[in-house]
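Asks: For reference, the structure I am asking about is given below.
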Amino acid sequence: MADELDRSVPDTGPASTGYDKARREPRHPVPAVYQRYIDLKVMMDDTLVPVILHNVSSCGVLFESQVPFEIGAHAHCIISLPRSLSQEITFYARVKHCRKELDAFFVGAAIRTADDPTWFNVFLEVHDYIMKRQGEVY
């Protein structure tokens with residue numbers, strides 16, 4: 009399964025952070041006020057790791073964790089908007105970088121596959137809708 013995940017999305021690193029490859033597309037930030045409306049669950053080695061989502065695109069995510077993630081590790085992720093969508097979206101990602109800042113680790117991961125790409129795109133569209141109407145929706 010790991011080989012299949014590695015072939016799904018070409019390697020891309022974050023832009024303007026000193027990594028060697030630019031992102032294929034911009035990520036959509038998740039401001040602190042909206043973080044309580046978007047749930048991201050990350051499973052590593054059959055353990056649920058509490059995280060806070062900071063940004064997302066169809067190619068990657070950046071989240072904050074209290075524990076470090078090994079570069080190259082594969083993660084099983086579930087993202088949801090409980091107040092907006094009834095569907096949870098499952099995807100798999102590979103850790104590209106993990107940097108420590110104060111008491112937290114900021115982890116960037118490339119999205120390899122989504123169980124249902126259509127629902128993943130619906131999530132991105134709903135997120136964009138909410139972000140364009142900040143203050144009106146929530």
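Residue numbers (the working numbering): 9 to 146. The beta carbon of each residue, even a glycine, is placed where N, CA and C say it ideally should be.
1. Based on the DSSP output, what are the partners of phenylalanine 131 in its beta bridges?
2. Where proline 39 and leucine 61 are concerned, what is the direct C-alpha to C-alpha distance, given to the nearest angstrom?
3. Identify which residue in His84, Tyr100, Asp136, Leu89 has its Cα closest to the Cα of tyrosine 45.
4. Does the segment 52 to 60 come close enough to the segment 92 to 99 to have 3 or more Cβ pairs within less than 8 Å?
5. Taking just the CA atoms, how far does phenylalanine 77 sit from cysteine 106?
6. Whole angstroms are fine: how far does the CA of proline 37 sit from the CA of lysine 140?
7. What number of angstroms, rounded off, separates the C-alpha of alanine 81 from the C-alpha of arginine 120?
8. Figure out for me which residue from Glu109, Lys49, Lys108, Trp127 has the closest Cα to the Cα of alanine 83.
9. Check the DSSP bridge columns for leucine 48 and list the partner residues they point to.
10. Would you decide whether leucine 110 is buried or exposed? Buried here means 16 or more other CB atoms lie within 10 Å of its CB.
11. Verify whether the separation of the beta carbon atoms of aspartate 124 and isoleucine 97 is less than 8 Å.
12. Opposite arginine 107 in the DSSP bridges: which residues?
Replies: Quick look at the numbers:
1. Taking the first residue of the sequence shown as position 1, residue 131 is located at position 123. Partner residues in a beta bridge of phenylalanine 131, as assigned by DSSP, do not exist.
2. Mapped onto the sequence shown, residue 39 falls at position 31. Mapped onto the sequence shown, residue 61 falls at position 53. Using only the alpha carbons, I get a separation of about 9 Å.
3. Position 37 of the sequence shown holds residue 45. For tyrosine 45, the nearest C-alpha among the options comes from Leu89.
4. A contact is defined here as three or more CB-CB pairs under 8 Å, and the segment 52 to 60 fails this definition with respect to the segment 92 to 99.
5. Here residue 106 corresponds to residue number 98 of the sequence shown, with the count starting at 1. Here residue 77 corresponds to residue number 69 of the sequence shown, with the count starting at 1. Cα-Cα distance, rounded: 6 Å.
6. Position 132 of the sequence shown, counting from 1, holds the residue named residue 140. Position 29 of the sequence shown, counting from 1, holds the residue named residue 37. Approximately 12 Å, taken between the alpha carbons.
7. On the sequence shown, residue 81 is found 73 positions in, with the first residue counted as 1. On the sequence shown, residue 120 is found 112 positions in, with the first residue counted as 1. Computed Cα separation, rounded: 12 Å.
8. In the sequence shown, residue 83 corresponds to position 75, counting from 1. The shortest C-alpha separation from alanine 83 is found at Lys49.
9. Residue numbering aside, residue 48 sits at position 40 when the sequence shown is read from its first letter. Leucine 48 has Ile87 as its beta-bridge partners, per DSSP.
10. Mapped onto the sequence shown, residue 110 falls at position 102. Result: exposed.
11. Residue numbering aside, residue 124 sits at position 116 when the sequence shown is read from its first letter. Residue numbering aside, residue 97 sits at position 89 when the sequence shown is read from its first letter. Yes, they are a contact pair.
12. The residue labelled residue 107 in the question sits at position 99 within the sequence shown. Per DSSP, Phe114.
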